[in-house]
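Report on the structure given below.
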Amino acid sequence: MKNRSESRDIIIKVLYQVYVYEGSDIHYDIRDMIRELIEVSNDFIDESIENILKNQNDIEKIANKYLKDWNINRLSKVDKAILCLGIYELMYIDTPAIVAINESIELAKKYSDDKVTKMINATLDQVYHNEGKDE
């Protein structure tokens, strides 16, 4: 069983792969991609990936509303995955905002540079303050 931080890491890896495959028009099976990274089924991972992809257009609209001088599709695919996961957790599930934002920042620190980490932090903070669900 993976903890939530490890699960989020797997989610962004799968989303990254999906974005690469979609950009190259390569057929993929989400379940196969997930199973390559974890052996035991994990509802948080499965449901998060499924729901992020199902709500991708809405998540991207929210991101673009708060990305300063950027568009989500101009970000690297890993940065896009991190931002989409953060917005998903803020808007669609019961993750406390501070956790959703902090976990996204930690992923950005791991996979990106300092500028991107700050941009993800600022964007998610704006989403939380302007779009966030009641806590």
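Per my numbering, residue 125 is the first one in the sequence shown, and the count goes up by one each step.
Note that beta-carbon positions come from the ideal geometry of N, C-alpha and C, so glycine has one too.
Computed from a predicted structure; not experimentally measured.
Problem set entry | Buried versus exposed call for GLU171 [16 or more other C-beta atoms within 10 Å across all chains shown] | In the sequence shown, counting from the first residue as 1, residue 171 sits at position 47. GLU171 is exposed by the Cβ-count criterion.
Problem set entry | GLN180 versus ASP167: straight-line alpha-carbon distance, rounded | Here residue 180 is taken as the residue at index 56 of the sequence shown, counted from 1. Here residue 167 is taken as the residue at index 43 of the sequence shown, counted from 1. Taking the straight line from one Cα to the other gives about 19 angstroms.
Exercise. Of all the alpha helix (DSSP H) runs that stay within the bounds of the segment 175-219, which reach a length of 4 or more residues?
Worked result: 180-190 and 201-215
For this session: Please report the residue range of the alpha helix (DSSP H) in which ASP249 lies.
Result: Translated into the one-based positions of the sequence shown, residue 249 becomes position 125. From DSSP, the alpha helix (DSSP H) with ASP249 extends over 238-255.
Exercise. Looking only at its own chain, which residues have a Cβ that is under 7 angstroms from the Cβ of TYR216, when we skip the five neighbours before and after it?
Worked result: Here residue 216 is taken as the residue at index 92 of the sequence shown, counted from 1. Counting only Cβ-Cβ distances below 7 angstroms, and skipping sequence neighbours, we find ASN175 and ASN179.
Problem set entry | Cβ separation of ALA205 and TYR252, assumed to be a contact under 8 angstroms, to the nearest whole Å | Here residue 205 refers to the residue found at position 81 when the sequence shown is read from its first residue. Here residue 252 refers to the residue found at position 128 when the sequence shown is read from its first residue. With 8 angstroms as the limit, ALA205 and TYR252 do not qualify as a contact, their Cβ atoms being about 19 angstroms apart.
For this session: For ASP203, collect the residues of the same chain with a Cβ closer than 6 angstroms to its Cβ; drop the 5 residues on either side in sequence, then sort them by chain order.
Result: Translated into positions along the sequence shown, residue 203 becomes position 79. SER236 and VAL240.
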